[in-house]
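The structure appears below as structure tokens.
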Amino acid sequence: MSFRRTMGALLSVFWVCADRYDDFVRNQPPSNRLSRENWSHLQRWVRNVVKLTDPQEPDAVDAMLCFMSIHDLGKMKDFREELAPGYQDHDAGLSYILSRSPEVLPSYCRLPDKYQLLIETSLKVDFNFGQFLQAENLPANIKNVKSLLGNKGDVALAFYLFHIFADMAGIMGAKSLDGSMFMTETMFNNFKKGLTTLQLLTHETMNDTYDSFLKLRAKEQGLAFQTPTDRAII
28 MSFRRTMGAL LSVFWVCADR YDDFVRNQPP SNRLSRENWS HLQRWVRNVV KLTDPQEPDA
88 VDAMLCFMSI HDLGKMKDFR EELAPGYQDH DAGLSYILSR SPEVLPSYCR LPDKYQLLIE
148 TSLKVDFNFG QFLQAENLPA NIKNVKSLLG NKGDVALAFY LFHIFADMAG IMGAKSLDGS
208 MFMTETMFNN FKKGLTTLQL LTHETMNDTY DSFLKLRAKE QGLAFQTPTD RAII
């Protein structure tokens, strides 16, 4: 199941980078198919911010494919116990392995130093994007996103956020690898809300960024966002 989800994520990276809209949406219901408008939005973000299709950054796609291939290896108990004894958290375990035994992952070793560092940093973020979208956490929960990635600029943060997008796009890979069944119009609009606000971390405080997200939710639902009571309702 994890293997097919990873394959779904890798295929999603390919479909997006190759601008293969029809392949990406081919197994989505027509009533909730990712729109071409949102696909164009995604293409602009990938090209101009994430830089995956920027000819000046030829290693970017390689780094993303590597990250998507290895990011769940820490969930393999035997692998973790052998190379990161004592680690229970899969991301922390994989981060330890990358720092102490990188030779076991040659696809990682051959990456330029800046992408190795970006992958290691991303593994340390400890952020639940799904909880953020549901407003189930606090400004403090995005502290690591800002300190580890947001302060490094747009590209570093966007690399991490695209990794989240690709992981989400592959969620239903166990059911089918014929397109992304999960990243429909509804799901992408949800993702886009988080993306729009989290990118503010490159120049806004954690509290202001979090409030921007709550204001966006309030506006979407036709609710006020002026008092502490309004905030609690959102």
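Take the sequence shown: its letters are residues 28 to 261, numbered as in the numbering used here. Where is the CB? At the ideal position from N, CA and C, for every residue including glycine.
Looking at the backbone, the Cα of residue 101 and that of residue 254 are separated by about 43 Å.
Restricting attention to alpha helix (DSSP H) runs no shorter than 4 residues, the region 141-216 encloses them at 156-160, 181-196, ordered along the chain. Boundaries of the alpha helix (DSSP H) around residue 126: 117-127. When the five nearest sequence neighbours on each side are left out, the beta carbons in the same chain lying within less than 6 Å of the beta carbon of residue 193 are those of 36, 39, 40, 95, in order along the chain. With respect to residue 228, residue 182 sits apart: the two C-beta atoms are not nearer than 8 Å.
Contact check between the region 109-116 and the region 60-67: fewer than three CB pairs, one atom from each, fall below 8 Å, which does not count as touching. Assigned with DSSP and collapsed to three states, residue 249 falls in coil, not helix or strand. Take the alpha-carbon of residue 85 and the one of residue 176: they are about 21 Å apart.
Under the Cβ criterion (8 Å, minimum of three pairs), the region 45-55 does not count as touching the region 154-164. A residue is called buried once 16 or more other Cβ atoms fall within 10 Å of its Cβ, and residue 230, having fewer, is exposed. A direct Cα-to-Cα measurement between residue 147 and residue 130 gives close to 15 Å. DSSP places residue 50 within a helical segment (H, G or I) once states are collapsed to three. Sixteen is the threshold: since fewer than 16 other Cβ atoms of the shown chains lie within 10 Å of the Cβ of residue 144, the residue is exposed. By the Cβ-count criterion, residue 124 is buried, with 16 or more other Cβ atoms from all chains shown falling within 10 Å of its own Cβ.
Residues 120, 123, 124 of the same chain have their beta carbon placed closer than 7 Å to that of residue 111, with the five preceding and five following residues left out of the count.
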